[in-house]
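Asker: Chains as they are written, first to last, in the numbering used here: chain D, 51 to 261; chain B, 51 to 261. Backbone N, C-alpha and C fix where the C-beta goes; we use that ideal spot for every residue, glycine too. Once you've had a glance at the structure underneath, I'll fire off some questions.
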DNA sequence: CCATGCAGTCAACAACTGTTCTCCGGGCTT
DNA sequence: AAGCCCGGAGAACAGTTGTTGACTGCATGG
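Below you can see the structure in the form of C-alpha cells.
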C-alpha cells in the first residue's frame with residue numbers, strides 16, 4: 051500500500067500541481083493542441099523528463115485539467131439552478147454567481163470554453179461527457195420545482211441543456227469583459243444582457259404548456 | 051494597374067485556394083495555434099517559402115479563413131431569420147437551413163466554433179467582430195417584424211444575440227452528429243432538440259412585454 | 001520583342017520538439 | 001540499519017519548425 055501522506059507523495063503532488071498551474075497559464079495565450087511538454091516543464095523549472103512521471107502526454111494533462119476545471123464548475127452550476135427566491139431574484143443571483151465564478155477561476159473557464167471545441171479529440175469528448183452530466187443534474191433539479199408540473203422528461207432535458215449552454219456563453223462573455231478597456235463597465239453590460247436573456251428563457255418556460 | 055484576370059493572377063489565386071483548403075483539412079484535427087506553415091505547404095505540395103507570397107503567418111491565414119467561413123455563414127443567418135410563414139414552420143425551416151449549411155460547409159463551421167474561443171487573439175477578435183455584425187443585422191431584421199412592436203432597440207439586440215449564439219450552438223451540435231455512430235439518427239435528435247429550444251425562445255419573445 | 005516583375009524553388013540556419021536511456025539521491029519499507 | 005523504490009536530472013537522438021537569401025522561369029506591360 052502507498053501512503054497518501056508521505057513526504058514523498060506530498061512532493062510529487064506539489065510538482066504535479068506546478069505543472070497543471072503552469073499549463074493553465076500557458077493556455078491563456080494558446081490552445082492545448084499547441085502546448086509543448088518542454089514548454090510546461092521549462093515554466094515550472096524542472097527537467098523535461100520529469101513530465102512523464104505525472105502525465106503520458108500533454109493530451110493526458112489536458113484530461114486532468116478537464117476534471118479539475120469542471121470540478122470547480124460543478125458546484126457553481128448546482129448553486130445557480132437551486133438558488134431560492136422568486137424568478138426575478140433567482141435570475142439575478144444566478145448571473146451574479148456566474149460572474150463571481152469567472153473572477154475566481156478565470157483560467158478554468160477559459161480552458162473549458164477553448165477546449166470544448168478544441169483540436170484534441172479525447173479532451174473534447176471528456177468535456178462533452180461532463181457537460182452532459184451537468185445537464186442531467188440540472189434536469190433533476192428542475193424536475194423538483196413546481197414550475198415543472200406537467201413537463202415531460204424530454205422537455206426538461208431540453209430546457210436543462212439550454213440553461214447549461216447559456217451559462218457557458220455568459221461565463222465566456224464575463225471572461226472577455228476582463229480584457230476590455232473598462233472591465234467593470236463591460237462586466238455590468240454583460241450582467242444586464244445575461245439577465246434579460248435568462249428572463250426571456252424563463253418566460254418561455256412559463257408559457258411552454260400554454261397552447 | 052494589375053489585371054484581375056491574367057494567367058499570372060489566376061495561378062496565384064489557385065495556389066492560395068489550395069493553401070486555404072489544405073489548412074481547413076488540417077484544422078479538422080487540430081487548432082490554428084498549432085498549425086505549422088510547413089505542414090500546410092507540404093500538404094499542398096509546394097515549397098515552404100511559397101507560403102510567404104500569400105500570407106505573413108499562419109495567424110494571417112487564419113484571418114483569411116475567418117472572412118471566408120463567416121462569408122459563407124452570412125447568407126445562411128440572413129435566410130434563417132427572414133424566412134416567411136407562421137412561427138412554427140419558420141422555426142422548422144430555420145433549423146433545416148442550419149442543418150443544410152453544416153452539411154455543405156462542415157469545415158467552415160468547425161473552424162468558427164473552434165477558433166471563436168481559440169488561442170489566436172487576432173482571429174478570435176475577427177470572429178467576435180463579424181458575429182457582432184451578424185447580431186446587428188438580425189436585430190434590424192427582427193425590428194421589421196410585427197412581433198417586435200413596442201420593443202426597445204436594446205432588447206431587440208439582446209434577442210438577436212441570443213438567436214445568433216443559439217444558431218452556433220445548434221450548428222456545432224449538427225457538426226458533432228456527423229461523427230456519431232448513427233449520423234442520421236443523431237441528426238434527427240439534434241433537429242428535435244434545436245426546434246424545441248427555438249420554440250421556447252420564441253415563446254419567451256411573445257410574452258416579453260406581458261408583465 | 002525585350003526587360004521587368006513576381007510566384008515559386010532550393011539550400012541552409014539556429015532553435016526547438018518528443019522520447020529514450022542512464023544515472024543519482026533520499027524517503028520508504030522491512 | 002540495509003536496501004529498494006521512484007521522482008527527478010542529464011545528455012543525447014533524430015526530426016521538425018520559422019525565416020533568411022539568392023536563384024529561376026515565365027507571364028506581363030511598354
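DSSP three-state call for residue 139 (chain D): helix, strand or coil?
Answerer: helix
Asker: Identify which residue in B:99, B:147, B:120 has its Cα closest to the Cα of residue 132 (chain B).
Answerer: B:147
Asker: For chain B, find out if any of its Cβ atoms is closer than 8 Å to the Cβ of residue 74 (chain D); answer yes or no.
Answerer: no
Asker: Tell me the rounded alpha-carbon separation between residue 91 (chain D) and residue 102 (chain D).
Answerer: 10 Å
Asker: Kindly give me the distance between the Cβ atoms of residue 237 (chain B) and residue 222 (chain B), rounded to whole angstroms, as I take these residues to be in contact under 8 Å.
Answerer: The Cβ separation is near 13 Å, so there is no contact.
Asker: Would you mind sorting residue 51 (chain D) into buried or exposed? The rule is 16 or more other CB atoms within 10 Å of its CB.
Answerer: Its pLDDT being 41, under 50, residue 51 (chain D) is placed unreliably in this model, and the value from its coordinates should be taken loosely. So residue 51 (chain D) counts as exposed.
Asker: Does the separation of the CB atoms of residue 197 (chain B) and residue 249 (chain B) fall below 8 Å?
Answerer: no
Asker: Just checking: is the beta-carbon of residue 183 (chain B) within a distance shorter than 8 Å of some beta-carbon in chain D?
Answerer: no
Asker: Which residues of the segment 237 to 248 of chain B have a Cβ closer than 8 Å to any Cβ of chain D? Give them in chain order.
Answerer: 243, 246, 247
Asker: Flag residue 89 (chain B) as yes if its beta-carbon sits less than 8 Å from any beta-carbon of chain D, otherwise no.
Answerer: The beta carbon of residue 89 (chain B) does not come within 8 Å of any beta carbon belonging to chain D, so the residue lies off that interface.
Asker: Can you tell me whether residue 75 (chain D) is buried or exposed? The criterion is at least 16 other CB atoms within 10 Å of its CB, across all chains shown.
Answerer: exposed
Asker: Below 8 Å on the Cβ atoms is my guess for residue 122 (chain D) versus residue 155 (chain D); work out the distance and round it to an integer in Å.
Answerer: The pair is a contact, with the Cβ atoms about 5 Å apart (cut-off 8 Å).
Asker: Residue 219 (chain B) CB to nearest chain D CB: under 8 Å?
Answerer: yes
Asker: Less than 8 Å between CB atoms is the rule here; does residue 253 (chain D) satisfy it with respect to chain B?
Answerer: Using beta-carbon distances, residue 253 (chain D) counts as an interface residue toward chain B, with a partner under 8 Å.
Asker: Closer than 6 Å by C-beta to residue 108 (chain B): which residues in its own chain qualify, once you throw out the five before and the five after it? Chain order, please.
Answerer: 85, 87
Asker: Taking buried to mean at least 16 other C-beta atoms within 10 Å of its own C-beta, is residue 220 (chain D) buried or exposed?
Answerer: Counting Cβ neighbours within 10 Å, residue 220 (chain D) comes out buried, since at least 16 surround it.
Asker: Have a look at residue 104 (chain B) and residue 224 (chain D) and give me their C-alpha separation to the nearest angstrom.
Answerer: Rounded to the nearest angstrom, the two C-alpha atoms are 36 Å apart.
Asker: Using 10 angstroms around the beta-carbon of residue 163 (chain B), count the other beta-carbons present and answer buried if the total reaches 16, otherwise exposed.
Answerer: Flag for residue 163 (chain B) reads buried.
Asker: So with Cβ pairs under 8 Å, would you call residue 140 (chain D) a contact of chain B?
Answerer: The beta carbon of residue 140 (chain D) sits no closer than 8 Å to any beta carbon of chain B.
Asker: Assuming residue 215 (chain D) is part of the alpha helix (DSSP H), what are its boundary residues?
Answerer: From DSSP, the alpha helix (DSSP H) with residue 215 (chain D) extends over 203 to 227.
Asker: So the alpha helix (DSSP H) residue 167 (chain D) belongs to, where does it begin and stop?
Answerer: Element bounds for residue 167 (chain D): n/a, residue is neither H nor E.
Asker: Consult DSSP for residue 59 (chain D) and reduce its assignment to one of helix, strand or coil.
Answerer: Residue 59 (chain D) falls in the helix class under three-state DSSP.
Asker: Does residue 165 (chain D) pass the burial test, meaning 16 or more other C-beta atoms within 10 Å, or should it be called exposed?
Answerer: buried
Asker: So with CB distances below 8 Å, who are the chain B contacts of residue 205 (chain D)?
Answerer: Those within 8 Å of residue 205 (chain D) in chain B are 246.
Asker: Check whether the Cβ of residue 59 (chain B) lies closer than 8 Å to any Cβ atom in chain D.
Answerer: It does not: the Cβ of residue 59 (chain B) has no partner Cβ on chain D nearer than 8 Å.
Asker: Report the neighbours of residue 235 (chain B) on chain D: residues whose CB is nearer than 9 Å to its CB, in chain order.
Answerer: Residues of chain D whose Cβ lies closer than 9 Å to the Cβ of residue 235 (chain B) do not exist, since the nearest Cβ in that chain is about 16 Å away.
Asker: Would residue 163 (chain B) pass as an interface residue toward chain D - the criterion being a Cβ-Cβ separation below 8 Å?
Answerer: yes
Asker: Under a CB-based cut-off of 8 Å, is residue 201 (chain B) close to chain D?
Answerer: no
Asker: Would you call the segment 171 to 188 of chain B in contact with the segment 209 to 216 of chain D, where contact means no fewer than 3 C-beta pairs closer than 8 Å?
Answerer: With the cut-off at 8 Å, the segment 171 to 188 of chain B and the segment 209 to 216 of chain D do not touch.
Asker: Please report the residue range of the alpha helix (DSSP H) in which residue 120 (chain D) lies.
Answerer: 108 to 132
Asker: Spell out whether any CB of chain B is found under 8 Å from the CB atom of residue 215 (chain D).
Answerer: yes
Asker: For residue 79 (chain B), return the contacting residues in chain D, with the cut-off set at a CB-CB distance below 8 Å.
Answerer: Listed along chain D are 169, 171, each with a C-beta nearer than 8 Å to that of residue 79 (chain B).
Asker: With 8 Å as the C-beta to C-beta threshold (strictly closer), list the residues of the segment 108 to 133 of chain D near chain B in chain order.
Answerer: If the cut-off is 8 Å between Cβ atoms, the segment 108 to 133 of chain D has nothing near chain B.
Asker: If residue 160 (chain B) and residue 78 (chain B) are in contact, beta carbons under 8 Å, what's the gap, nearest whole angstrom?
Answerer: 6 Å
Asker: Could you give the first and the last residue of the continuous alpha helix (DSSP H) run that contains residue 103 (chain B)?
Answerer: Counting along the chain, residue 103 (chain B) falls outside any alpha helix (DSSP H), and DSSP gives it neither H nor E.
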